[in-house]
Structures are given as structure tokens and as C-alpha cells.
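Asker: Residue numbers (this note's numbering): 3 to 398.
All C-beta atoms, glycine included, are put in the ideal place defined by N, C-alpha and C.
Keep in mind that this is a model prediction, so the values were computed, not measured.
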């Protein structure tokens with residue numbers, strides 16, 4: 003059982019402000035880099051494998067959650083005690099979150115126990131609502147309506163991908179069409195929709211991930227999670243990897259694609275609330291291969307910010323929006339791969355950024371320093387500010 007506050011950093015779409023060239027000697031582009039307020043803490047309860055119809059090829063939930071097999075009654079009792087203790091300490095009500103397993107496929111007795119606990123905790127002011135995660139092929143309208151009556155306000159779907167090829171290769175036993183239908187069911191039930199994606203899963207191509215993000219956003223996702231596929235000991239995926247039948251995505255490719263997916267979500271105003279699995283000791287010991295990084299989220303955010311600034315510069319120079327984003331990604335990949343500065347890079351006069359960006363702006367070991375300098379953003383050209391507004395100044 004864990005207590006964790008999920009959070010995200012996101013860019014809030016804002017109409018760029020262009021100053022007249024005739025009026026000024028430079029052009030200013032203004033956008034917002036917003037940090038959403040953490041209004042309600044999330045109290046996470048992990049129920050590994052409970053309700054799962056089968057074990058997925060990539061899944062090792064005991065290692066991923068740091069929990070070994072424990073009876074459900076004991077898990078719920080500990081969670082209830084923890085939430086009531088928070089209440090007696092005067093702490094604000096939390097949102098209860100059931101993660102792991104397949105919540106909507108729990109045995110009737112187990113589902114009743116979870117809903118009864120949620121009802122009791124809501125009546126006593128310990129929680130405001132609850133959320134759950136489940137598979138897209140294990141829900142229907144009647145069940146979603148029941149969850150809503152008991153205080154559920156968010157359902158996160160472990161979609162993994164909308165690609166039929168990837169879903170078949172990973173033996174998920176549902177189609178992309180079924181996954182999309184499940185998203186619509188959640189939205190039609192009046193519940194917030196979370197979509198969990200697994201970039202790099204078997205049969206998954208880089209373009210599939212970006213298509214998955216766009217599909218999730220088009221279906222009305224309220225939040226996204228990106229969990230790059232890892233090879234963990236004891237899984238079917240580990241057997242395939244050991245036999246040369248599966249190759250995980252390299253970390254540089256994963257970082258690049260997640261940054262682009264994060265920016266797609268940003269444009270839609272949808273937060274990415276998690277990137278990468280939490281670094282539980284058991285998971286780290288079981289990790290055999292794959293793009294694991296303790297600072298995955300921060301490294302993705304640093305790249306996303308660079309891509310956004312570079313694309314702004316390219317658009318100010320007259321490039322079409324979609325082309326500017328693709329070109330910015332190619333430029334950053336080239337800079338990080340060999341350190342050579344490509345010709346024709348746009349350059350800025352100065353960049354004003356919120357202080358909240360300081361933790362990831364340059365990346366660990368100053369890995370993005372050369373890339374920022376290539377855009378003209380040296381330490382002298384960078385100004386840290388209060389608030390959430392960012393301003394990019396260009397030479398006219």
C-alpha cells in the first residue's frame with residue numbers, strides 16, 4: 003500500500019503574442035508553462051493481479067508495486083486504517099485510487115468489499131471520491147453506472163495501444179476498436195477518462211505511439227500515463243527477449259517520442275500524470291532490459307520544452323506548424339546524437355522562463371546545454387521569472 007500524489011507539469015495553450023516588427027526591433031512570443039494545483043491528494047491502494055483474467059506478457063506486478071501476495075481483505079483493512087488515521091490527524095480528505103489488477107473484473111464478493119469500503123470512507127469524510135484502473139474489455143455501461151453511484155469519478159483504462167498489430171503481439175486479447183469503444187463507454191457514463199499507454203510493447207512502432215496519443219486525445223481522454231515497456235524477470239516478455247524475439251526501445255528514442263507525445267497532449271490541454279514506473283526496489287532488481295530511468299519524467303519535460311521553443315522559432319521564421327514540430331524533433335535528435343550543430347538553426351535573443359522549469363531545463367549532467375546554446379539560449383540569455391508565463395524574444 004502506498005500513498006502517492008500524482009502530478010504533472012503541462013504547458014497551457016495560449017495564443018502567441020506577436021509584436022509588430024515596425025514597432026519594435028524584436029519579436030516576442032509568449033506562452034504559459036502551467037503547474038496545475040494539487041487540489042486533492044491521491045491515496046493509492048494496489049491490488050496486484052486481483053481480477054486479471056490472465057497474466058500479460060510484460061507484467062510483473064509484485065515487482066512493479068513492491069508488494070507480495072496479500073489477501074484482499076487485509077489490503078483493504080490496511081488502506082481504511084491509513085485513511086482514517088489521516089482524518090484523525092486533521093489532514094484533508096483524499097481521493098482513493100485502486101491500482102493494479104483489473105478492478106471491474108473482481109469477483110463479486112471482492113468488488114462489493116471495495117465499494118462498501120469506499121462508501122464507508124466517504125460517509126466518514128476520509129475520502130471525496132475514488133478512481134480505479136481496469137482493462138478495456140472488462141466493463142460495460144451498467145457496471146460503470148454502478149461505480150459512479152458508489153463515488154467513482156475516474157476510470158483509467160490500460161489501453162496500452164490502439165494498434166491491432168501491437169495488441170496481438172502482446173496477447174492483450176482485444177482490438178483497437180474495442181479499446182476505443184471502452185473509452186466512449188467511460189465518457190458516456192459521465193466519468194473522467196484516463197488512458198495508460200505502453201510505448202515500445204511488442205509489435206509497437208514509433209509512429210504507433212504518436213498515433214496512440216492522438217487517438218486517446220480524440221476520444222476525450224482527461225489524463226494520460228506513459229509507461230515505456232520494460233523487460234522484467236519472470237515474465238513472458240523476458241523469455242522472448244532472452245531468445246532474441248523482442249528488442250526494447252533504446253532510451254534516446256523513448257525520450258524523444260515521449261517528449262513529442264507530451265507536447266501533443268499539451269496542445270489538447272490534457273495532463274500526462276505519470277511517465278515511467280515508480281522505482282520500487284523489487285522492480286529495479288527484476289529489471290533486465292528496457293528504457294528505465296529514475297529521472298525519465300524530468301528528461302522528457304526538458305526535451306519537450308526545447309522542442310516547443312524550437313518549433314516557435316521555426317514558425318516565427320515562416321515554417322508551417324506541423325512541419326516545424328517534426329523538424330524540431332529531428333534537430334534535437336541530431337544534436338544529442340553527435341553534438342554537431344546542424345546548419346540553419348533558428349536563434350533567439352533571450353528566453354524568460356518560470357523558475358519551476360529550473361529542475362529539468364538543462365537535463366541531468368547538462369545534457370541539453372549544447373542544444374539550448376544552439377538556439378542562442380546561453381546562461382546569459384536565460385532569465386528566470388516568477389509566475390507561469392514564458393516569453394521568447396527573437397531578433398527581428
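Do you know how far the Cα of residue 94 is from the Cα of residue 88?
Answerer: Straight-line Cα distance between these residues: approximately 8 Å.
Asker: Buried or exposed for residue 214, going by 16 or more other Cβ atoms inside 10 Å?
Answerer: Result: buried.
Asker: Should residue 269 and residue 331 be called a contact, given that it needs their Cβ atoms to be closer than 7 Å?
Answerer: No; because the gap between Cβ atoms is not below 7 Å, this pair is not in contact.
Asker: Please determine if the stretch 229-239 and the stretch 176-189 are in contact, where contact requires at least 3 C-beta pairs separated by less than 8 Å.
Answerer: Cβ pair count under 8 Å is below three, so no.
Asker: Let me check understanding here. Comparing Cα to Cα, which of 248, 54, 347 lies closest to residue 174?
Answerer: The candidate whose alpha carbon is nearest that of residue 174 is 54.
Asker: For the alpha helix (DSSP H) containing residue 258, name the first residue and the last one.
Answerer: Taken as a continuous stretch (DSSP letters only), the alpha helix (DSSP H) holding residue 258 covers 253-269.
Asker: Please classify residue 110: is it buried, with 16 or more other beta-carbons within 10 angstroms of its beta-carbon, or exposed?
Answerer: With fewer than 16 other Cβ atoms within 10 Å, it is exposed.
Asker: When DSSP labels each residue in this structure, what does residue 145 get in the three-state scheme?
Answerer: Reduced to three states, the DSSP call for residue 145 is helix.
Asker: So the alpha helix (DSSP H) residue 244 belongs to, where does it begin and stop?
Answerer: Where residue 244 is concerned, the enclosing alpha helix (DSSP H) stretches over 238-244.
Asker: Should the stretch 280-289 be regarded as contacting the stretch 320-329, the criterion being three or more beta carbon pairs within less than 8 Å?
Answerer: The stretch 280-289, when compared against the stretch 320-329, does not touch it at the 8 Å Cβ threshold.
Asker: Counting only the same chain and skipping the five closest in sequence on each side, list residues whose C-beta sits under 6 Å from that of residue 205.
Answerer: If we look at residue 205 and ignore the five residues flanking it on each side, its Cβ neighbours are 167, 168, 171.
Asker: When you compare only the Cα positions, how much space is there between residue 317 and residue 328?
Answerer: So the alpha carbons of these two residues sit roughly 12 Å apart.
Asker: Take the Cβ of residue 244 as the centre, count every other Cβ of all protein chains shown within 10 Å, and call the residue buried at 16 or more, exposed below.
Answerer: Result: exposed.
Asker: Check whether the Cβ of residue 251 lies closer than 7 Å to any Cβ atom in chain C.
Answerer: Chain labels in this structure do not include chain C; a single protein chain is all it has.
Asker: With DSSP run on the structure shown, which of helix, strand or coil describes residue 28?
Answerer: Below a pLDDT of 50, predicted positions are generally treated as unreliable, and residue 28, at 49, falls in that range; the measurement from the model is reported next regardless. Residue 28: strand per DSSP, three-state reduction.
Asker: Around the Cβ of residue 385, are there at least 16 other Cβ atoms within 10 angstroms (buried) or fewer (exposed)?
Answerer: Burial call: exposed.
Asker: Please report the residue range of the beta strand (DSSP E) in which residue 1 lies.
Answerer: The first residue shown for the chain is 3 and the last is 398, placing residue 1 beyond what the model contains.
Asker: Can you find the residues in the same chain that come closer than 7 Å, C-beta to C-beta, to residue 290, ignoring five residues on each side of it along the sequence?
Answerer: If we look at residue 290 and ignore the five residues flanking it on each side, its Cβ neighbours are 233, 234, 235, 240, 243.
Asker: Please state if the CB of residue 313 and the CB of residue 33 are separated by a distance shorter than 7 Å.
Answerer: Their beta carbons are not under 7 Å apart, which means residue 33 does not touch residue 313 by this criterion.
Asker: With a CB to CB cut of under 7 Å and the five nearest residues on each side skipped, what residues in its chain are close to residue 124?
Answerer: Closer than 7 Å at Cβ, skipping near neighbours: 153.
Asker: Tell me the DSSP bridge mates of residue 134?
Answerer: According to DSSP, which records beta bridges pairwise, residue 134 is partnered with 100, 157.
Asker: In whole angstroms, what separates the C-alpha of residue 90 from that of residue 396?
Answerer: Cα to Cα, residue 90 sits roughly 55 Å from residue 396.
Asker: Can you tell me the Cα-Cα spacing of residue 140 and residue 96, whole angstroms?
Answerer: Each residue's alpha carbon lies about 26 Å from the other.
Asker: If I'm right that residue 129 touches residue 98 with Cβ under 8 Å, what's the distance once you round it to whole angstroms?
Answerer: Residue 129 to residue 98, Cβ: 5 Å. Contact.
Asker: Would DSSP call residue 198 helix, strand or coil?
Answerer: In this structure, residue 198 counts as strand in the three-state DSSP scheme.
Asker: Quick one: grab the DSSP three-state call for residue 77.
Answerer: Of the three classes helix, strand and coil, the one that applies to residue 77 here is helix, per DSSP.
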